[in-house]
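Colleague:
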Amino acid sequence: SAVISQKPSRDICQRGTSLTIQCQVDSQVTMMFWYRQQPGQSLTLIATANQGSEATYESGFVIDKFPISRPNLTFSTLTVSNMSPEDSSIYLCSALGRDRGLDPEAFFGQGTRLTVV
Amino acid sequence: GQNIDQPTEMTATEGAIVQINCTYQTSGFNGLFWYQQHAGEAPTFLSYNVLDGLEEKGRFSSFLSRSKGYSYLLLKELQMKDSASYLCAVKGNTGKLIFGQGTTLQVKP
Numbered sequence: 001s002a003v004i005s006q007k008p009s010r011d012i013c014q015r016g017t018s019l020t021i022q023c024q025v026d027s028q029v030t031m032m033f034w035y036r037q038q039p040g041q042s043l044t045l046i047a048t049a050n051q052g053s054e055a056t057y058e059s060g061f062v063i064d065k066f067p068i069s070r071p072n073l074t075f076s077t078l079t080v081s082n083m084s085p086e087d088s089s090i091y092l093c094s095a096l097g098r099d100r101g102l103d104p105e106a107f108f109g110q111g112t113r114l115t116v117v
Numbered sequence: 118g119q120n121i122d123q124p125t126e127m128t129a130t131e132g133a134i135v136q137i138n139c140t141y142q143t144s145g146f147n148g149l150f151w152y153q154q155h156a157g158e159a160p161t162f163l164s165y166n167v168l169d170g171l172e173e174k175g176r177f178s179s180f181l182s183r184s185k186g187y188s189y190l191l192l193k194e195l196q197m198k199d200s201a202s203y204l205c206a207v208k209g210n211t212g213k214l215i216f217g218q219g220t221t222l223q224v225k226p
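Line by line, the protein sequences are chains A and B.
Note that the first sequence covers residues 1 to 117 in my numbering.
Note that the second sequence covers residues 118 to 226 in my numbering.
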């Protein structure tokens with residue numbers, strides 16, 4: 001199983017500012033994803049982080065608001081830009097193992113609890 | 118489109134058996150996952166089904182019928198610590214997981 005380190009674990013931010021969340025995996029993985037989980041709800045996929053190229057965003061999410069980087073196979077960042085209180089949520093990094101046949105599960109970081117005031 | 122349905126809430130008694138159902142309609146299918154999530158924590162992996170049938174892992178079992186777009190998670194000998202949200206997720210052909218809304222299970226003494 002891969003271990004995913006995500007930081008910060010929580011933050012309180014002023015509206016209009018930006019926060020960058022980092023995700024580090026301890027082994028090479030094929031795919032990395034960013035999810036949002038709003039209070040009392042399930043996980044919503046924001047985007048797939050692609051190594052060395054632009055992320056693939058889901059409907060309702062745009063690069064200007066959630067820029068994502070993935071410079072190598074084991075590291076990715078998500079920035080929440082120009083924050084508003086509606087961005088208050090838990091943000092989760094996820095990764096798929098390199099060999100899908102042997103390691104099918106998607107692993108999650110511990111999440112970043114963001115509060116925008 | 119993609120649609121994954123689970124009951125919102127369930128209640129069961131300690132020591133009993135509970136079955137949480139999940140139906141799905143997705144564009145592409147490459148496996149179905151079940152996760153457990155306690156409040157304030159990240160989801161933890163429970164099971165993975167890619168072929169029809171039952172996968173058993175201790176007190177937890179998961180079943181899949183691809184032709185019916187249906188899965189269930191079976192929890193036996195319920196314990197108080199099993200109170201949590203249970204998330205059904207389908208992996209599409211691109212590898213990304215799409216989650217259902219989750220089922221909040223409350224185990225009562």
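Heads up, the beta-carbon is just placed ideally off N, CA and C, and yes, glycines get one too.
1) Three or more C-beta pairs closer than 8 Å, one from the region 169-177 of chain B and one from the region 65-74 of chain A: is that the case here?
2) Do the region 11-19 of chain A and the region 30-47 of chain A touch if we need at least three Cβ pairs shorter than 8 Å?
3) Pull up the DSSP beta-bridge partners for D11 (chain A), would you.
4) Under 7 Å between beta-carbons, which chain B residues line up against Q110 (chain A)? List them in chain order, please.
5) So with CB distances below 7 Å, who are the chain B contacts of S42 (chain A)?
6) Leaving out the 5 sequence neighbours to the left and right, which residues in its chain are closer than 7 Å to G132 (chain B) when beta-carbon positions are compared?
7) Using only alpha-carbon positions, find the residue among A:T115, A:V117, A:V116, A:Q110 that is nearest to Q22 (chain A).
8) Cβ of G212 (chain B) less than 8 Å from any chain A Cβ?
9) With H, G and I counted as helix, E and B as strand and the rest as coil, what does DSSP make of P71 (chain A)?
10) Taking only beta-carbon positions, decide if F102 (chain B) is within less than 8 Å of chain A.
11) Would the beta-carbon of A129 (chain B) fall within 8 Å of that of L92 (chain A)?
12) Taking V117 (chain A) as the reference, give the member of A:P67, A:S69, A:G16, A:T56 with the closest Cα.
Modeller: If we stick to the structure as given:
1) Too few Cβ pairs lie closer than 8 Å, so no.
2) No, the region 11-19 of chain A is not in contact with the region 30-47 of chain A.
3) Working through the first sequence from its first residue, we reach residue 11 (chain A) at position 11. Within the DSSP bridge table, the entry for D11 (chain A) names A:L114 as partners.
4) Stepping through the first sequence from its first residue, residue 110 (chain A) is reached at position 110. In chain order: A159.
5) Residue 42 (chain A) sits at position 42 when you count from the first residue of the first sequence. Under the 7 Å cutoff, chain B gives L204, F216, G217, Q218, G219.
6) Here residue 132 (chain B) is taken as the residue at index 15 of the second sequence, counted from 1. Answer for G132 (chain B): E194, L195, listed in chain order.
7) Taking the first residue of the first sequence as position 1, residue 22 (chain A) is located at position 22. Cα-wise, what sits closest to Q22 (chain A) is A:Q110.
8) As a first step, residue 212 (chain B) is located in the second sequence; it is residue number 95 there, counting from the start. Yes, its Cβ sits closer than 8 Å to a Cβ of chain A.
9) Your numbering for residue 71 (chain A) matches position 71 in the first sequence. Residue state, collapsed to three classes: strand.
10) Absent from the structure is residue 102 (chain B), since the part of chain B shown begins at 118 and ends at 226.
11) Start at 1 with the first residue of the second sequence, and residue 129 (chain B) comes out as number 12. Start at 1 with the first residue of the first sequence, and residue 92 (chain A) comes out as number 92. At a Cβ-Cβ threshold of 8 Å, A129 (chain B) and L92 (chain A) do not count as neighbours.
12) As a first step, residue 117 (chain A) must be located in the first sequence, where it is residue number 117. Out of A:P67, A:S69, A:G16, A:T56, A:G16 has the C-alpha closest to the C-alpha of V117 (chain A).
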